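Colleague: Right, I'll just put the structure down here and ask away after.
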Amino acid sequence: MNLLVVKKRQNYIMTFFVLVVILYYGAVQVTGFELSQALVSIPEAIFWSLSNFYPTVSSMKNLPAILIKLHETVFLAIVATTTGGICAMIFALLSTKGVPVFTVMCRLIASFFRNIPDTVWAIVLLLSFGQNVISGYIALFFATFGFLTRAFVETIEEVGASSIEALQAAGATYGQIVFQAIIPSCITQVVSWLLFMIETNIRSSTLVGMLTGTGIGNLFNIYYKFFDYHSASLVVIMIVIVILIIEAASNHVRRMIL
Amino acid sequence: MAFLECKSVTKEYATTTALKNICFSVKNGEMVAIIGPSGAGKSTLLRCINRMIKPTTGEVIFDGINFNRLNSAELRQQRRKIGMVFQHYNLVNRLSVVENVLHGRLGYKSTLEGILGKYNESEKEDAFKILARLGMEEQAYKRCDELSGGQKQRVGIARALIQEPKLMLCDEPIASLDPSAAKVIMDYLLDINKSMGITCLVNLHQVDVAMKYSDRIIGVRKGEVIYDGPPSELKKETIHKIYDSKTGELIMD
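These protein sequence lines map, in sequence, to chains A and B. Using the numbering used here, the first residue of the first sequence is number 1, and each one after it goes up by one. Using the numbering used here, the first residue of the second sequence is number 1001, and each one after it goes up by one.
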């Protein structure tokens, strides 16, 4: 009997592997992707990167311009995250208030904004706002708002539910419950999500900037298109450094508030 | 007129009926234990009394007021008179003990006062008095996540008591506690009932605890009241009927 169960399980695993292989070959047929060719080109790509994609002394003269743009991008990410976060919190609180109409409406709106990627937002907004920082900001704001609403709703339902019930039973109003129970019990997770979102938005805003012609993304694009790979590599290195700094800072903040 | 009266309270969910035509009344100052297997509807019954769950049909009349006819502001006012104690304590763990106790006063505050956490001196004094009564004065400034289960439940009781309630609804207050902490909590509840005269409805899993502490036992099975009377008259056969068990299947046999 037990042997049969084990055999059955082995069959499952076999079926799973066969399915993965079939999926892989199916995808290869459709896209024309060849793994062997991709693997062969890796050394070549590494060689090209090492010989071209590194900052030189002459590219250093672009550093001040890069830092100015980077500064713009980082602050755009922070502004988009904080404003998006505030709106997300309001929507999350409305959607957990227990009024079915609010819940459905808030979730639909948030899911609409969440399921359209920020780059698509950027392209769409480009048409209405033109190539400027506003389109970039709104694109990041929408994506942040959609994602954080979902994250906050889940946090409130997971962490706050029991104390919400207790205060309701004591006759508290929803406003009192928000400030006395929901915010104190969810604050660490909320801050954690905001920090995570700032990191994500710095990465995204680079990409969005390429599309909207603003910030560090645009600068990278320009250097790249003018074959100034040395300066382009300097941009990449600076972005990595900034993200590492932000990550270290947010880890520190997380440890402090926990 | 009865102090608390449930008139044919029924609660139906989409697929199940949690409570069927529940009728009972409670006198002021009674200590009532509600026993029954998990899923029998004990928690739903307690929550129907303070309308945390709205009954499908039937009426709850408490202290001369029909809870069905209240709007949300009136309901909040009435809920101040009913303290609730939970199995999982339902405290805000990141706040201090005394802050959690003062949450019990929110029903008496305006929304703004409550949001800002403005409590007056006499409320704060009361909070400390109640904590002292429950042997928790030394923990007053500790954060709730530093406390043991028994201590957390005492904070839960303190939060209910500061409401100056006439009725306490205790939803399995000792189900998550070890036997000695459970005894401490039950002794406090009995003391609150006897010396302060606050009526208590306590959901319990342990029949022996119900027999020892209550004046009256209500046995619930599958949403129906099977037994309603003093512990002394609760026979073994009735207990087996409540738990749908045969002789020898329960620990007490």
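Even glycine gets a Cβ: it sits at the ideal position worked out from N, Cα and C. Quick caveat: nothing in here was measured; it's all calculated off a predicted structure.
List the residues of chain A whose Cβ lies closer than 7 Å to the Cβ of Leu-1095/B, in chain order.
Modeller: Under the 7 Å cutoff, chain A gives Pro-184.
Colleague: The beta strand (DSSP E) spanning Gly-1083/B covers which residue range?
Modeller: 1082-1085 is the span of the beta strand (DSSP E), which, as asked, contains Gly-1083/B.
Colleague: Relative to chain A, which residues along the stretch 1115-1141 of chain B have a C-beta separation below 9 Å, given in chain order?
Modeller: Listed by position along the chain: Ile-1115, Leu-1116 and Gly-1117.
Colleague: For chain B, check one thing: does any of its Cβ atoms lie closer than 9 Å to the Cβ of Gln-180/A?
Modeller: It does; some Cβ of chain B falls within 9 Å.
Colleague: Count the other CB atoms within 10 Å of the CB of Arg-255/A; is the residue buried (16 or more) or exposed (fewer)?
Modeller: Counting Cβ neighbours within 10 Å, Arg-255/A comes out exposed, since fewer than 16 surround it.
Colleague: Note the first and the last residue of the continuous alpha helix (DSSP H) segment covering Leu-1250/B.
Modeller: No alpha helix (DSSP H) contains Leu-1250/B, which DSSP labels as neither H nor E.
Colleague: Within the same chain, show all residues whose beta-carbon is closer than 6 Å to that of Phe-142/A, passing over the 5 residues directly before and after it, in chain order.
Modeller: Excluding sequence neighbours, Phe-142/A sits near Phe-113 and Trp-121.
Colleague: List the residues that DSSP assigns as beta-bridge partners of Met-1168/B.
Modeller: In the DSSP output, where bridge partners are listed per residue, Met-1168/B has Gly-1083/B and Cys-1200/B.
Colleague: Quick check on DSSP: helix, strand or coil for Ala-1014/B?
Modeller: DSSP places Ala-1014/B in coil when its eight states are reduced to three.
Colleague: For the stretch 1078-1091 of chain B against the stretch 157-172 of chain A, do three or more pairs of beta-carbon atoms, one drawn from each stretch, fall closer than 8 Å, so that the two count as touching?
Modeller: Touching, yes.
Colleague: Using a Cβ-Cβ cut-off of 9 Å, state whether Ala-92/A counts as contacting chain B.
Modeller: No, its Cβ sits nowhere closer than 9 Å to a Cβ of chain B.
Colleague: Give the DSSP-derived three-state secondary structure of Tyr-118/A in the structure shown.
Modeller: Note on identity: in this sequence residue 118/A is Asp, with Tyr being the wrong assignment. Helix, per DSSP.
Colleague: Whose C-alpha, out of Asn-132/A, Leu-140/A, Met-105/A and Pro-100/A, is nearest the C-alpha of Asp-118/A?
Modeller: With distances taken between Cα atoms, Asp-118/A lies closest to Leu-140/A.
Colleague: If Glu-1059/B sits next to Asn-1068/B, beta carbons under 8 Å apart, how far is it from one beta carbon to the other, in whole angstroms?
Modeller: Going by Cβ atoms, the distance from Glu-1059/B to Asn-1068/B rounds to 5 Å, so yes, they are a contact pair.
Colleague: For a contact meaning CB atoms closer than 8 Å, what does Leu-167/A contact in chain B?
Modeller: Within chain B, the residues near Leu-167/A are His-1103 and Leu-1106.
Colleague: Is the stretch 71-84 of chain A touching the stretch 142-153 of chain A, taking contact as three or more C-beta pairs under 8 Å?
Modeller: Short answer: they touch.
Colleague: What are the residues in the stretch 184-215 of chain A lying within 7 Å of chain B by C-beta distance?
Modeller: Answer set for the stretch 184-215 of chain A: Pro-184 and Ser-185.
Colleague: Judging by CA-CA distance, which residue of Asp-1171/B, Gly-1083/B and Asn-1120/B is the nearest neighbour of Ala-1164/B?
Modeller: Before going further, note that residue 1164/B is Glu rather than Ala in the sequence given. If we check each option's Cα against that of Glu-1164/B, Gly-1083/B comes out closest.
Colleague: DSSP three-state call for Leu-1095/B: helix, strand or coil?
Modeller: Looking at Leu-1095/B - three-state DSSP - the assignment turns out to be coil, as it is neither helix nor strand.
Colleague: Which whole-angstrom value is the C-beta distance of Thr-73/A and Ile-246/A, which I expect to be below 8 Å?
Modeller: Not really, about 12 Å apart at Cβ, beyond 8 Å.
Colleague: For a cutoff of 9 Å on Cβ pairs, would you count Thr-103/A as touching chain B?
Modeller: No - not a single Cβ of chain B is within 9 Å of the one on Thr-103/A.
Colleague: Tell me whether the stretch 188-202 of chain A and the stretch 1109-1122 of chain B touch, counting them as touching only if at least three CB pairs, one residue from each stretch, are closer than 8 Å.
Modeller: Taking 8 Å as the limit for Cβ pairs, the verdict is that the stretch 1109-1122 of chain B does not touch the stretch 188-202 of chain A.
Colleague: Which word fits Glu-1237/B, buried or exposed, when buried means at least 16 other C-beta atoms lie within 10 angstroms of its C-beta?
Modeller: By the neighbour-count rule (16 or more Cβ atoms within 10 Å), Glu-1237/B is not buried but exposed.
Colleague: Can you tell me whether Tyr-1141/B is helix, strand or coil according to DSSP?
Modeller: The answer is coil: DSSP assigns Tyr-1141/B none of H, G, I, E or B.
Colleague: Less than 9 Å between CB atoms is the rule here; does Thr-173/A satisfy it with respect to chain B?
Modeller: Answer yes: the Cβ-Cβ gap between Thr-173/A and chain B drops below 9 Å somewhere.
Colleague: So, Leu-1045/B versus Leu-1019/B, is the Cβ gap smaller than 9 Å?
Modeller: In this structure, Leu-1019/B lies closer than 9 Å to Leu-1045/B by Cβ.
Colleague: Would Arg-9/A be called buried (16 or more neighbouring beta carbons within 10 Å of its own) or exposed?
Modeller: The residue in question, Arg-9/A, is exposed, as its Cβ has fewer than 16 Cβ neighbours within 10 Å.
Colleague: Please report the distance separating the alpha-carbon of Lys-61/A from that of Ile-243/A.
Modeller: Cα-Cα distance, rounded: 22 Å.
Colleague: Using the Cβ count rule (16 or more neighbours within 10 Å means buried), how would you classify Tyr-1026/B?
Modeller: It is Val, not Tyr, that sits at residue 1026/B in the sequence shown. Buried, by the Cβ-count rule.
Colleague: Could you say which of Val-6/A, Met-14/A and Gln-168/A lies nearest to Gln-1077/B if we only look at CA atoms?
Modeller: Answer by Cα proximity: Gln-168/A.
Colleague: Going along the chain, which residues of its own chain have a beta-carbon closer than 6 Å to the beta-carbon of His-1205/B, five neighbours each way excluded?
Modeller: Answer for His-1205/B: Ala-1175, listed in chain order.
Colleague: Out of curiosity, what's the CA-to-CA distance linking Gly-1219/B and Ala-110/A?
Modeller: The straight-line gap from Cα to Cα measures roughly 46 Å.
Colleague: Along chain A, which residues have their Cβ under 8 Å away from the Cβ of Phe-1086/B?
Modeller: Per Cβ cutoff of 8 Å: Ser-162, Glu-165 and Ala-166.
Colleague: Kindly indicate which residue of Asp-1228/B, Lys-1235/B and Gly-1104/B has the alpha-carbon position closest to the one of Ala-1033/B.
Modeller: When only C-alpha atoms are compared, the closest one is Asp-1228/B.
Colleague: Identify the contact partners of Met-1031/B in chain A, using a Cβ-Cβ distance below 8 Å as the criterion.
Modeller: Under the 8 Å cutoff, chain A gives no residues; its nearest Cβ is about 20 Å from Met-1031/B.
Colleague: Quick one: residues in its chain with C-beta nearer than 7 Å to the C-beta of Glu-1030/B, no 5 flanking neighbours on either side, listed in chain order?
Modeller: So the qualifying residues of the chain are Thr-1199, Asp-1215 and Arg-1216.
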